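Novice: For what it's worth, my numbering labels the leading residue of the sequence shown as 388, then goes sequentially.
Even for Gly, the Cβ is constructed at its ideal location relative to N, Cα and C.
What you are looking at is a predicted structure, and each value in this text was computed from that prediction instead of being measured.
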Amino acid sequence: MRIGQLIFQNECASKKHCLTSWNEGEDFASLGIGHFIWYPEGVNKNNQRFDESFPKLLRWMQNKGVEIPAWLQKQQGNPWKNRRQFKKVENTQKMRALRDFLLETSSFQVEFMKNRLKNALPSILKHLPVSQRAHIQEQFQHVAHSPMGFYALMDYVNFKGEGIKTSERYQGKGWGLLQVLEHMQSTKSGLQAIQDFSASAVLMLTQRVALSPTSRHEKRWLPGWKKRIKSYVYEGKQQLKTHPKNIQPL
């Protein structure tokens, strides 16, 4: 699936070794083609700022009949307490086997992300006053029915979340899909809607960095985030060139 390949490129530069990562400055591991978050075992749910998606992925795959490695089934959380411990074992047989498993199940991970997107809009609307729902739904549909709109929405939700979790805020300001759609003013579907979505996403992430705790040094990540978001417009233009009549809505 082309969208899965693009997300793997965004998260891992399509490199297998990157399927098991722990970014500097983060307090969690990032696993799989979507860099699903896994907090260390024992971390209280209330102390998890960002949505922990890796355990959800494992449960989802298990329900689909995927055979999960025995040690992962037994594990109650990420067995490595910090990045230093994680890096020490990244070339062990256990970690190589984990990367093999994550590469082999990439199609299931794509379906998991697709399912998350399908549930995103209902979840967002549920958290909003009735008076605000029409605008969000309208902007979502404009993007969804645009060239590579499915990719833009699916990647962003996996990348920065739905925007409804109160812990995913800095100084009360969020940066998820909800906030991106809130700041859009598109009037119809098409490449312009993708450009509007991308511009709003850059605005929200730039605001996030400005409001973030200085100790996190989030400014270092902003150029990469912007590059990723630029791919939404680029891929939209490519689809218009190669398959102008094949726009796949949600």
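Can you give the Cα-Cα distance for Cys405 and Glu491, rounded to whole angstroms?
Specialist: In a straight line, the C-alpha of Cys405 is about 14 Å away from that of Glu491.
Novice: Just how far apart, CA to CA, sit Gly611 and Ser518?
Specialist: Cα to Cα, the separation comes out at about 35 Å.
Novice: Report buried or exposed for Val476, applying the criterion of at least 16 other Cβ atoms within 10 angstroms of its Cβ.
Specialist: So Val476 counts as exposed.
Novice: If you check the beta carbons only, do Ile551 and Ile511 fall under 8 Å apart?
Specialist: Yes, the pair counts as a contact, with Cβ atoms nearer than the cut-off.
Novice: Could you check whether Leu568 and Phe527 sit closer than 8 Å to each other, using their CB atoms as the reference points?
Specialist: Taking 8 Å as the Cβ cut-off, Phe527 and Leu568 qualify as a contacting pair.
Novice: Hey, would you say Gln421 sits closer than 8 Å to Asn545, going by beta carbons?
Specialist: First, the amino acid is wrong: residue 421 is Gly here, not Gln. Yes, these two residues count as a Cβ contact at 8 Å.
Novice: Distance, Cα to Cα, Leu637 vs Leu445?
Specialist: In this prediction, Leu637 has a pLDDT of 49, which is less than 50 and means its spatial position is unreliable; what the coordinates show is noted afterwards. So the two alpha carbons sit approximately 24 Å from each other.
Novice: In angstroms, rounded to a whole number, what distance separates the CA positions of Leu459 and Asp583?
Specialist: Answer to the nearest angstrom: the Cα atoms are 41 Å apart.
Novice: Among Asn397, Ile390, Gln392, whose alpha-carbon lies nearest the alpha-carbon of Arg615?
Specialist: The candidate whose alpha carbon is nearest that of Arg615 is Asn397.
Novice: State the start and end residues of the unbroken beta strand (DSSP E) segment that holds Ile424.
Specialist: Its beta strand (DSSP E) spans residues 423 to 425.
Novice: Do Lys403 and Arg486 come within 8 Å of each other at the CB atom, strictly closer than that value?
Specialist: A contact, by the Cβ cut-off of 8 Å.
Novice: Does the distance from the CB of Ile390 to the CB of Met541 come in under 8 Å?
Specialist: Going by C-beta atoms, Ile390 is nearer than 8 Å to Met541.
Novice: Could you check if Glu411 is buried or exposed, using at least 16 other CB atoms within 10 Å of its CB as the buried criterion?
Specialist: Its Cβ having fewer than 16 others within 10 Å, Glu411 is exposed.
Novice: Starting from the N-terminal side, write out each stretch of the beta strand (DSSP E) that is 3 residues or longer and does not extend beyond the region 396 to 453.
Specialist: Runs found: 416 to 418, 423 to 425.
Novice: May I have the straight-line CA-CA distance separating Ile581 from Lys617, to the nearest angstrom?
Specialist: Approximately 10 Å, taken between the alpha carbons.
Novice: Whole alpha helix (DSSP H) runs in the region 468 to 510 with 4 or more residues, listed along the chain?
Specialist: List check, alpha helix (DSSP H) in window: 470 to 475, 480 to 491.
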